[in-house]
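Following the working numbering, the numbering of the sequence shown begins with 59 at its first residue and continues without gaps.
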Amino acid sequence: PSGKTPAIIIGDKALAEKNNIDINDVYLSDIRMNFCCGCLECDETGNCIIDDEMTNIVSKVRDADALILATPARWGLLSGELKTFLDRLNPMAVRDELKGKKVLIFAIGQSEQNEIESINNAANSLVTFCENACMEILETILICECYSSDDISKKQEYINQCQEATKRLINSLN
């Protein structure tokens with residue numbers, strides 16, 4: 059799908075607010091985020107040497123109890139923006155700052171249900187990162203047949219799955 063990944067906004071925000079849970083929507087396509095340069099300085103210091111908008115995002119991730127990671131599946135891969143984001147979380151990962159954070163994973167693609175491998179591969183990239191960072195993956199949802207950025211809004215089955223997963227996430231935080 060083109061445009062912003064819509065899955066991040068289909069969680070039940072009213073339920074989150076009712077349970078006094080703050081939600082910070084972050085659209086990676088809207089922030090200035092440079093690529094990781096691979097210097098590994100962060101392994102030593104715990105801080106990235108790159109000064110860009112990711113610094114603010116890292117603070118939000120540090121404060122978060124849970125993350126919802128959503129990506130379009132492109133050629134069996136997660137989005138470039140999300141890959142860069144994960145690379146830039148390396149300072150947190152090497153210092154076990156992500157350990158125990160709860161995660162929902164949503165991968166959205168154009169493939170039909172019987173050809174879901176491409177979407178599954180994108181989700182598996184996120185699963186691998188989260189497992190290596192010792193995060194607690196609560197659920198992975200694969201969303202098929204989304205050809206444009208608003209197609210998911212017409213797929214009530216997937217909206218229900220995402221909302222139910224969000225409810226389970228919220229309940230796990232209480």
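Quick reminder that beta carbons are idealized off the backbone N, C-alpha and C, glycines included.
Cβ atoms of residue j and residue i: under 7 Å apart, would you say?
{"i": "L196", "j": "K225", "result": "no"}
{"i": "C94", "j": "D145", "result": "yes"}
{"i": "L200", "j": "L127", "result": "no"}
{"i": "L147", "j": "A180", "result": "no"}
{"i": "I228", "j": "N77", "result": "yes"}
Select from the options the residue whose C-alpha is nearest the C-alpha of residue i.
{"i": "I81", "options": "S211, A124, E155 and M193", "result": "A124"}
{"i": "D110", "options": "T103, S137, T142 and P130", "result": "T142"}
{"i": "A165", "options": "E194, I177 and E173", "result": "I177"}
{"i": "L98", "options": "E155, L156 and P149", "result": "P149"}
{"i": "S169", "options": "G104, N190 and S206", "result": "S206"}
{"i": "A223", "options": "I107, P130, E155 and L162", "result": "L162"}
{"i": "D121", "options": "I108, I174, G158 and Q171", "result": "G158"}
{"i": "N182", "options": "I217, T129, V119 and G104", "result": "T129"}
{"i": "E173", "options": "G134, N105 and Y216", "result": "G134"}
Residues in its own chain within less than 8 Å of residue i by CB, not counting five upstream and five downstream?
{"i": "K213", "result": "I201, E203 and C204"}
{"i": "E189", "result": "I195"}
{"i": "Q171", "result": "C202 and E203"}
{"i": "E139", "result": "L86, S87 and M91"}
{"i": "K118", "result": "N82 and V84"}
Who are the near neighbours of residue i in its chain, counting only those whose CB is closer than 6 Å to its CB and skipping five residues on each side?
{"i": "A233", "result": "With the chain represented from 59 up to 232, any question about residue 233 goes unanswered, as that position is not in the structure."}
{"i": "G167", "result": "A131, S176 and I177"}
{"i": "D101", "result": "V152"}
{"i": "I107", "result": "E99"}
{"i": "M193", "result": "L156, K159 and V161"}
Less than 7 Å between C-beta atoms, sequence neighbours within five positions excluded: which residues of the same chain meet that for residue i?
{"i": "N218", "result": "none"}
{"i": "N105", "result": "P149"}
{"i": "N232", "result": "N77"}
{"i": "Y216", "result": "I201 and I210"}
{"i": "T198", "result": "I163, A181 and V185"}
{"i": "D154", "result": "C192"}
For the stretch 85-94 against the stretch 109-117, are there 3 or more C-beta pairs whose distance is under 8 Å? yes
Can you check the stretch 136-222 for any alpha helix (DSSP H) of at least 4 residues that lies completely inside it and give the ranges in chain order? 138-146, 148-152 and 175-190
Would you mind listing the alpha helix (DSSP H) stretches within the stretch 77-120 that are 4+ residues and don't spill past its ends, in chain order? 99-103
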